[in-house]
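The listed protein sequences correspond, in order, to chains H and V.
Residue 1 is where the first sequence starts when you use this note's numbering, and the numbers rise one by one after that.
Residue 1001 is where the second sequence starts when you use this note's numbering, and the numbers rise one by one after that.
The beta-carbon is built from N, C-alpha and C at its ideal position, and this holds for glycine as well.
Model, not experiment: these values are computed from the prediction.
Heads up: the structure comes next, in structure tokens.
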Amino acid sequence: DAKTTQPPSMDCAEGRAANLPCNHSTISGNEYVYWYRQIHSQGPQYIIHGLKNNETNEMASLIITEDRKSSTLILPHATLRDTAVYYCIVRVWGDMRFGAGTRLTVKP
Amino acid sequence: NAGVTQTPKFQVLKTGQSMTLQCAQDMNHNSMYWYRQDPGMGLRLIYYSASEGTTDKGEVPNGYNVSRLNKREFSLRLESAAPSQTSVYFCASKEFDVTSYNSPLHFGNGTRLTVT
């Protein structure tokens, strides 16, 4: 499995875009990039995933670099409710392994 | 449509006691997973079942057993609980076939287990 590296914490002002980076320099050609978040002590919530093209859904955008060695999750207009731990995972299928993630704090 | 349901929500055990954590999903998913999350840490995979009738070890399987009872249900058993197993346990499910191998995980809301 490709390992991922994320900053342990980030802050963002409410209403501004939150850009969460993830490095996955050993990613292989058929591995997808997934993003999940965990709000307080709830179960993790799926946000978005992609292979090599940029993806957008109602929650966020995922930007994957051309060499696929890193990606950025973008929350376009962060709200206080987006305060959570965000996990970047790289996997094809089978088991999905979570790292420590990035704790995003959205401030008023 | 309840998604992934875990029972119980909370449990306190004494060292050496046994118990089974239950998980059921109503999304007709093939794959199911058990994770544990210790305070301030990410999730660690205990066991998973890629499809009905199969189970595989994850990162931290020692001290646990699992049973894929049918397509809907995947249980986690602690035969002799230890304080090191105090944690929050999450069950998850996902589709798993050739056409949807990249589908996302859907999680339950967890079982909070304390072993004294």
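C-beta neighbour in chain V for residue i, strict 8 Å
| i | result |
| --- | --- |
| H:His40 | no |
| H:Pro108 | no |
| H:His49 | yes |
| H:Ala60 | no |
| H:Pro8 | no |
| H:Tyr34 | yes |
| H:Ala100 | yes |
| H:Tyr87 | yes |
| H:Gly29 | no |
| H:Pro21 | no |
| H:Pro76 | no |
| H:Arg97 | yes |
| H:Gly15 | no |
Any non-hydrogen atom of the ligand ATP closer than 7 Å to residue i Cβ
| i | result |
| --- | --- |
| H:Arg97 | Because no ligand of any kind appears in the structure shown, any question about the ligand ATP cannot be addressed here. |
Chain H within 8 Å of residue i, Cβ atoms only
| i | result |
| --- | --- |
| V:Gly1108 | yes |
| V:Phe1090 | yes |
| V:Glu1052 | no |
| V:Gly1016 | no |
| V:Pro1104 | yes |
| V:Glu1073 | no |
| V:Gly1042 | yes |
| V:Leu1045 | yes |
| V:Glu1059 | yes |
Top-ranked residue by Cα proximity to residue i, from the options
| i | options | result |
| --- | --- | --- |
| H:Val106 | H:Arg16, H:Val90 and H:Pro8 | H:Arg16 |
| H:Arg91 | H:Ala100, H:Gln45, H:Glu31 and H:Thr72 | H:Glu31 |
| H:Arg97 | V:Val1012, V:Tyr1048, V:His1029 and V:Arg1112 | V:Tyr1048 |
| V:Gln1022 | V:Thr1086, V:Leu1076, V:Pro1083 and V:Gln1037 | V:Leu1076 |
| H:Leu73 | H:Gln42, H:Ile89, H:Arg81 and H:Asp67 | H:Ile89 |
| V:Thr1054 | V:Phe1074, V:Val1060, V:Tyr1035 and V:Val1012 | V:Phe1074 |
| V:Glu1059 | V:Leu1045, V:Asn1065, V:Ser1067 and V:Arg1068 | V:Leu1045 |
| V:Val1066 | V:Leu1013, V:Tyr1035, V:Ala1082 and V:Gly1110 | V:Tyr1035 |
| V:Gln1006 | H:Gly43, H:Leu20 and H:Tyr36 | H:Gly43 |
| V:Arg1072 | V:Glu1079, V:Ala1092 and V:Tyr1064 | V:Ala1092 |
| H:Ala84 | H:Asp67, H:Tyr46 and H:Glu55 | H:Tyr46 |
Bridge-paired residues (DSSP) for residue i
| i | result |
| --- | --- |
| H:Met10 | H:Leu104 |
| H:Ile48 | H:Trp35 |
| H:Ala78 | Its beta-bridge partners do not exist; DSSP assigns none. |
| V:His1106 | V:Ser1093 |
| H:Met96 | Partner(s): none; H:Met96 has no beta bridge. |
| H:Ile64 | H:Ser71 |
| H:Ile89 | H:Tyr34 |
| H:Glu55 | H:Leu62 |
| V:Met1000 | The shown model of chain V, from 1001 to 1116, leaves out residue 1000 of chain V, and the question about it has no answer. |
| H:Arg16 | Answer is none; H:Arg16 lacks a bridge partner. |
Residues near residue i in its chain [Cβ-Cβ closer than 7 Å; skip 5 each side]
| i | result |
| --- | --- |
| V:Asn1070 | Glu1052 |
| H:Gly99 | Thr4, Gln6 and Tyr87 |
| V:Gln1037 | Leu1043, Ser1087, Val1088 and Phe1090 |
| V:Ser1103 | Lys1094 and Glu1095 |
| V:Leu1078 | Ser1018, Met1019, Gly1063, Tyr1064 and Gln1085 |
Close beta carbons around residue i, own chain, < 6 Å, minus the five adjacent residues each side
| i | result |
| --- | --- |
| H:Cys12 | Ala18, Ala78 and Val106 |
Chain C within 8 Å of residue i, Cβ atoms only
| i | result |
| --- | --- |
| V:Met1027 | Within the model displayed, chain C is absent; protein chains H and V are what it includes. |
Cβ neighbours of residue i in the same chain (closer than 8 Å, five flanking residues each side left out)
| i | result |
| --- | --- |
| H:Pro76 | Ala17, Ala60 and Ser61 |
| H:Ser9 | Thr102, Arg103, Leu104 and Thr105 |
| V:Gly1003 | Gln1025, Asp1026, Met1027, His1106 and Gly1108 |
Item to check | Whole runs of the beta strand (DSSP E) within the segment 1048 to 1089 of chain V, excluding any shorter than 3 residues | outcome: 1065 to 1068 and 1074 to 1078
Checklist entry - Which runs of the beta strand (DSSP E) fall wholly inside the segment 1003 to 1027 of chain V and span at least 3 residues, in chain order? => result 1004 to 1007, 1010 to 1013 and 1019 to 1025
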